[in-house]
Structures are given as structure tokens and as C-alpha cells.
Amino acid sequence: MKKIVCYGCNLGCGLYFGDVPYFRKNSPVNSGKICRFGMKIHRYEKVLPKVDGKNVELDDAIAAAAKKLADVKEMAFVSFGDVTCEEQLAFNKLAEAFESDVHTCIPRFIGANIEKIRQSKEIITFIDPYTSYPLILRHMLHAKKNGAKITSYYWKKLRIADESVILNPAEIDKIKSINFGDSLVITDLNPLNLDFSNEIIKSCNAENIVCLKPFLNSTGASLISDGEKSIYQIFEEIKEKKIKGLYLLESDLGIVPDDTLMAALDELEVLIVQQSMRNALSDRADIVLCGDRKFEGKGTVLNFEGRVLENEGGTEGIKILTDILKSVGEEINYDKMHAEVLSKLGINEIDEYIVPKYDIKYKQREAEIKNYEGDAHLVYAYNPFMWNNVIDRDFVEISPSLVESLNLHKDELLKMTSSKGSVAVKYKINNAMPDNIVLSPMKLPISTDIVTPVNFKEP
Ligand code: SF4
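Residue numbers for the sequence shown, in the numbering used here: 17 to 475.
What follows is the structure, given as C-alpha cells:
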């Protein structure tokens, strides 16, 4: 059995994999536990190599990609970090060869580690640990058992919190007035909430922030790659024709809440995707290069603490990049990439039980946090399934009073309308929900952002 790391989030839970995932008791992150996503990591349809809609041999897809890279100027390269550091570095070499950078869409930042959570006496959380980063909950529960007070700022009340402050989309900027003191703050940094997390990170001492991220190696990728464009900037530049070609490495731009943005991809001269899972993005790409499944790439990954973890597997992904680089006379291989990664990290060998020291300054962003208009809002409760564009639960959560005020009967669907149209969805009543929020664990076609103003009238 191979020793692997779950790609569901940047916690980096350790597992063994044979035909299915197994517990790895001595993993320092999850101590043998695994969440629902972790148990299902292998259940996906592998993509096939493709050029212009036709299935081809991988070598032919690689040759087509090399030709397009030589022909199309203004290429952009994006990798959120769902690959090993070695593959990310090889992708950097490819981008450099075509005078570009790799954008991770998540800024570089490493904060506090797991031990700090366990030892904390005051915790302020902005995430729902039960759904967003499930295995962090174990460490929060340990702190709570030892007397920690937990305060949550979230879209609904959290069971683990001693005090729950419910965020109001119309007044999100109120988080500016929170006094964090010496509390340990748990938040997340993802491609869609940068303004929100920026506000929190700049208000706290970096050593007091646990900064979770949604993709397995988001931390390692951001240390290796220097591109600074946000996901929204990339869409904007495609629309303005400043970006004419896009190469996405295991990065599904379909995570954006407003799926009409995806139409911008049709403006490109070429869309190359290198990924393992078949999805809507691989179906729309001009060239599809299929590498190792996400949990099967050999190499190192860094979890949210900067802990260096080893993933056993193959090097198909790096081989594809190596073959394309050959076309411009560059020679790389896995061993070279691995040595360079260790040197960049300042370590000689991998020890998952020691978190190396990092001195990383978070680059402040200018963007202001924004409030959302309207009296009721659809809000996304991001979780590993949603980041991977997989529907796990097909219902939204709403309060009992909302059900009563809309006179909804059992088995009836909740109807919502936004500026983008209407939708009817299954719902579940949750006493922890406020009346003005609909919390969704799945992407809905009416959303315009991670928070979308909605009403419940028939259109
Ligand atoms: S908490 Fe994250 S890394 Fe751990 S098993 Fe779940 S999805 Fe995977």
C-alpha cells in the first residue's frame, strides 16, 4: 500500500491507499481519522487525452500542447496547488520557458500550527470546522476539553462554540471592529474570499492565525510560484484579450460562484488542461493532458502549517511537463525537481513530525471588504466536495421560522430568485440557522458570488 496525503484540503491528512483509502494511525495531522471526502478520494472518472474534442494518444496531446505554446503569445499558467511541489516547480519551469509566471490565486501565508490550536485557551473561528475542514475539529475539541473558550463568527451557530456571532452579509465590514487580543484565530484563505481573509490577517499577529486553504498543496504551491493574479483578474484579462491562452494544472476555474464567467474561456485561442479528473472543464478544453490521479503524484506537499509531507506515487504529471519542455531544449526530471524543492524549503530530508520554521510576510492587499445588499442571502458553505465540483449533499439549510413564513410543506422545494434567475431546491431545517440566510453546500446556478442576494417570491 502507498503512503498518500488526502487532497481534500490543505490539512493534509495522511492515509494509505491500496484499492481504497485506509487509515494511517501515525499521521501527525489526523492520527488515523478521515472525513467523508477522504474516504471517497478515489471515486472519480479519469480523463482521457484529447485534442479538439477527439481522443488521442497522450504523446499526440503533448505535441499539440507544445505547438500551441510556441504559437500563442500571452499565455497564462495557473495551478492552485493540487499537485506536489515537484510538479508545481516543473510547471514553473514551463511557464518561465514561455516568459510567464504560475498563478496560484492564493497568497503566500503560513500561520500557527496544530499544536498551537491544542494549547489555546481562547479561539476565534471564522470557519465551520464540521464541514469546511473536518479534521481540524479534533484539535479544536481537544482545546475545548482543556478549557478553551471558542467564539465563532459564521453564517450559523456552531455547536462547538461557547459564543456564536452570526455574520450578516449586509454588514460584513463589522468584522473590522473585532478585538482579537491574544486569541488564536482560525480562518481560511481561498481564491474567492481574499478580501475577507485579508481583513482578518492584517488585524492579527501572524503567529496567532491558523490559516487553512482548500487545495492539498496550496501552501507549497504559493511558496514555489510567484504569480500574483487573482482568479477574477484572470477572467478579466481573458475578456480584455490580454490573456490569449490558458494552461491550467489541476485547477478547475469552475469553482467561481458565477458560472457565467466561464464563458470567457471560449474567447481563448487555446485552453490546455492538465488534470486527472474528467469534468466540465476537461470537456470544454482544446487540449487535455492526463496526469496521475490527484493523490497519486510522487513528491512533497506542504500542509497549512508548512509541515512537509510525502506522497508516494508516480511521476506521470512531471513527465508530461518534461516532454513539453524538451521541445524548447530544456531538460528536467523528477530527481532534479525534488532536490530543488528541498533546497527551497531549506531541509535535507522530509520529517513529517517536525514543522520547519518559515519567515513569510503576507502581502497586504488593497481591496476593501464589501457588504452585500438585500435582506436575504444565499451563502456558500464551502467544503472539500464543493471545491472539487462534486455534489455530496443536494439540500440547503434554512431556519424553522423561514420555513414557517414561506408556509413550506414537507417535500416541497424552496424557491429562490436572484438577479440571475430562479431555482427550486430541497431544504433541511436547522435550528442553528438565522432567518435571512440560505446555506448551500453545493453550487447553484443563481449565484453571483459566495454571497448572493435572493428573495423568495415567484419571478
Ligand atoms: S479533513 Fe481535508 S485532508 Fe483530511 S480527510 Fe478530510 S478532506 Fe481530506
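By construction, the Cβ of each residue, glycine as well, lies at the ideal position given by its N, Cα and C atoms. Computed from a predicted model, the values in this text were never measured in an experiment.
Item	Value
Outcome for Thr331 when other beta-carbon atoms lying within 10 angstroms are tallied against a minimum of 16	buried
Asn327: first and last residue of the uninterrupted beta strand (DSSP E) it sits in	Val324 to Asn327
Close beta carbons around Asp391, own chain, < 7 Å, minus the five adjacent residues each side	Asn452
DSSP three-state assignment for Gly243, whether helix, strand or coil	strand
Which residues DSSP lists as bridging Ile288, in chain order	Tyr263 and Ile303
Touch test, the region 303-312 against the region 75-91, Cβ-Cβ under 8 Å, three pairs minimum	yes
Pick from Ile240, Leu265 and Leu269 that is closest to Ile254, judged by C-alpha positions	Leu269
Beta carbon nearer than 5 Å to a non-hydrogen atom of the ligand SF4	Cys22, Gly24, Cys25, Leu27, Cys29, Ile50, Cys51, Phe53, Gly54, Pro150, Leu151 and Pro400
Enclosing beta strand (DSSP E) for Thr468 [first to last residue]	Val467 to Val470
Burial state of Arg175 (16 or more Cβ within 10 Å)	exposed
Between the CA atoms of Ile259 and Ala397 - distance to the nearest angstrom	31 Å
4 or more residues per run - each alpha helix (DSSP H) lying fully within the region 406-474	416-421
Ala448 to Ile130 span [Cα, whole Å]	27 Å
Completely contained alpha helix (DSSP H) runs for the region 98-181, where each covers 4 or more residues	101-113, 130-135 and 152-161
Glu103 vs Gly333 beta-carbon contact at 9 Å	yes
Cut-off 8 Å between Cβ atoms - residues of its own chain near Leu27, not counting five sequence neighbours on either side	Val45, Asn46, Tyr149, Leu151, Ile152, Leu228, Asn319 and Phe320
Residue ranges of each beta strand (DSSP E) within the region 22-75, 3 or longer	30-33 and 37-39
Glu389 vs Ala186 beta-carbon contact at 9 Å	yes
Euclidean distance between Cα positions of Leu264 and Leu325	24 Å
Host alpha helix (DSSP H) of Phe320 (start-end)	Note, Phe320: premise wrong, no alpha helix (DSSP H); not H, not E.
Coarse secondary structure for Leu297, derived from DSSP in three states	helix
Distance, Ala222 Cα to Lys137 Cα	17 Å
Pairwise C-alpha distance: Met278 and Ile336	26 Å
Simplified DSSP assignment, three categories, for Ala392	strand
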